[in-house]
Amino acid sequence: QSLDGFEFVEGALRMCGKAQNKDLLGLRCDVWRVSLEVEDDLESAREFIHFRLQETMDRIEALRVEAAPLLRLAAEGLASEPPEGDGGGGGGGMRPPGGDQVHAQGSDFATDAADGAA
Numbered sequence: 005q006s007l008d009g010f011e012f013v014e015g016a017l018r019m020c021g022k023a024q025n026k027d028l029l030g031l032r033c034d035v036w037r038v039s040l041e042v043e044d045d046l047e048s049a050r051e052f053i054h055f056r057l058q059e060t061m062d063r064i065e066a067l068r069v070e071a072a073p074l075l076r077l078a079a080e081g082l083a084s085e086p087p088e089g090d091g092g093g094g095g096g097g098m099r100p101p102g103g104d105q106v107h108a109q110g111s112d113f114a115t116d117a118a119d120g121a122a
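Our numbering applies: residue 5 is where the sequence shown begins, and numbers increase by one.
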């Protein structure tokens, strides 16, 4: 909300001298009006944050439901995998179908270190 020319001139003329009760009452009304606007803005922000938080929680739950079968399969695969030989504890992890562990470019540092490639 902005001032028109008349309000500006009237305000400028009142700046000289002592404040009158009507001026103080006007100021209190202005402060009250701004306070109501701030309360409305805060309520809008609260509602927006609540909506976004609920939306995020819903998305997390959907991802959890989607990932559950995959995590279950991975856990079952790890549980059914025979223990590694006594080769020094290096390498570990799931084996790809068809045999030995694959060492591709970009493999993790621990596997490379165990193989002496680091």
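Heads up, the beta-carbon is just placed ideally off N, CA and C, and yes, glycines get one too.
Nothing here was measured: the structure is a model prediction, and the numbers come from that model.
The beta carbon of E47 sits closer than 8 Å to none of the beta carbons in its chain outside the five residues before and after it. M19 carries a coil assignment under DSSP once its states are collapsed to helix, strand and coil. Cα atoms of D8 and E14: separation of roughly 10 Å, rounded to the nearest angstrom.
Residue range 25–84 is occupied by the alpha helix (DSSP H) that includes P73.
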